[in-house]
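Since the structure comes first, as structure tokens, the remarks are kept for the end.
In the numbering used here, the protein residues as written are 31 to 348.
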């Protein structure tokens, strides 16, 4: 940790680079499901050979809009050639750098005129994505023509959302389990579930609009969702590293997220006090309330993708 903090400070003060510290913990103390079953027919539980917790620290540089940003490429070359004092290794000295001794040994075997010998200890630096951003930011899910046409016919369609991001507050699935019944009956049940999911999403969207929220609905082949809000970016980078959501996003997540409800006090038959989450809901009719998701999430607004048409075509031909 100390080495990482010193390196961040040196990169900022000496090299004038916007450096950040990112910490991540790996927990190997919990058992996992292994292969096969035990003598009682239960899934076999296994433990890691080294059952401890490991904390890794990474130093990240830059706030670039894309991986091929010209400034990112210039800074990358600068980092590879840099010789920060923090990473200077003394003979017999200790360091927390991963594979530092191996890199030092490799350097000794390189020819004197090798280009690699001119590079510094960060010569293996590479461009990566912000680990705190949601996956949807980097892997937007494109729509095919059918899904786009379906949503164009809806009032308050998510396709009309002007921003790039929105907060998903409710999800309605339309999948059903296929049993021994005929395929035609199973398909009919699936359509009815999808229709029910779409109707709930539509009623909830209209009810939210009536209360003044910027609500949208979106439907695909498996589910329907309701979102609230329109945002151009997921948040702002923190000075010490990481990403902080916009205040409006945080407010929506808290407003529609489930509330923690404490159980009754522990008694003789209840040695531990438990807590649970109670999803919030909205009244959409005289006798109907529709629940929100337990944890609302910031998602990217879906856009049309030609690749989705080709993928769906290949699946259909199978």
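For glycine and all other residues, C-beta sits at the position ideal for the given N, C-alpha and C.
Output the distance between the C-alpha atoms of residue 183 and residue 261, rounded to the nearest integer angstrom. 23 Å
Please identify the residue among 52, 330, 48 whose C-alpha is closest to the C-alpha of residue 33. 52
Contact between the region 57-64 and the region 80-98: three or more CB pairs below 8 Å? yes
Taking DSSP's pairing of strands, which residues face residue 312 in a bridge? 320
Give the straight-line distance between the Cα atoms of residue 277 and residue 265, rounded to the nearest whole angstrom. 9 Å
Do residue 109 and residue 142 come within 8 Å of each other at the CB atom, strictly closer than that value? no
Residue 227 to residue 285 span [Cα, whole Å]: 23 Å
Starting from the C-beta of residue 152, find all residues in its chain whose C-beta is less than 8 Å away, skip the five residues before and the five after it, and write them out in chain order. 109, 110, 112, 114, 117
Could you pull out every residue in the same chain whose Cβ sits closer than 6 Å to the Cβ of residue 243, ignoring the five residues on either side in sequence? 258
Please specify which runs of the alpha helix (DSSP H), each continuous and at least 4 residues long, are wholly inside the region 133-193, giving them in chain order. 165-168, 175-182
For residue 57: DSSP bridge partner residues: 83
Boundaries (first-last residue) of the alpha helix (DSSP H) holding residue 203: No alpha helix (DSSP H) holds residue 203; the beta strand (DSSP E) holding it covers 195-203.
Please name the residue in 148, 256, 282 whose C-alpha comes closest to that of residue 233. 256
From 250, 230, 185, pick the residue whose C-alpha is nearest to that of residue 314; which is it? 230
Within the same chain, show all residues whose beta-carbon is closer than 7 Å to that of residue 102, passing over the 5 residues directly before and after it, in chain order. 92, 94, 157
For a test of the three-state rule: what should DSSP assign to residue 34, helix, strand or coil? helix
Boundaries of the alpha helix (DSSP H) in which residue 102 is found, first to last residue: 100-111
Residue 247, enclosing beta strand (DSSP E) - first and last residue: 245-249
In or out: residue 173 buried (at least 16 other Cβ within 10 Å) or exposed? buried
My guess is that residue 67 and residue 74 are in contact by the Cβ rule of under 8 Å, so how many angstroms apart are they, rounded? 6 Å
CB residue 237 to CB residue 323, shorter than 8 Å? no
Just to confirm, is the Cβ distance from residue 195 to residue 254 under 8 Å? no
Pick from 245, 159, 139 that is closest to residue 186, judged by C-alpha positions: 245
I'd like the list of long-range same chain contacts for residue 97, defined as Cβ closer than 6 Å, with 5 residues on each side in sequence excluded. 157
Under three-state DSSP, which class holds residue 331? coil
So the alpha helix (DSSP H) residue 284 belongs to, where does it begin and stop? 277-286
Spatial neighbours of residue 54 within its chain, please: CB distance less than 6 Å, with the 5 preceding and 5 following residues excluded, ordered by chain position. 86
Less than 8 Å between the CB atoms is what I'm expecting for residue 327 and residue 310, so what's the real figure, rounded? That pair is no contact at about 15 Å.
N-terminal and C-terminal residue of the beta strand (DSSP E) that residue 256 is part of: 253-261
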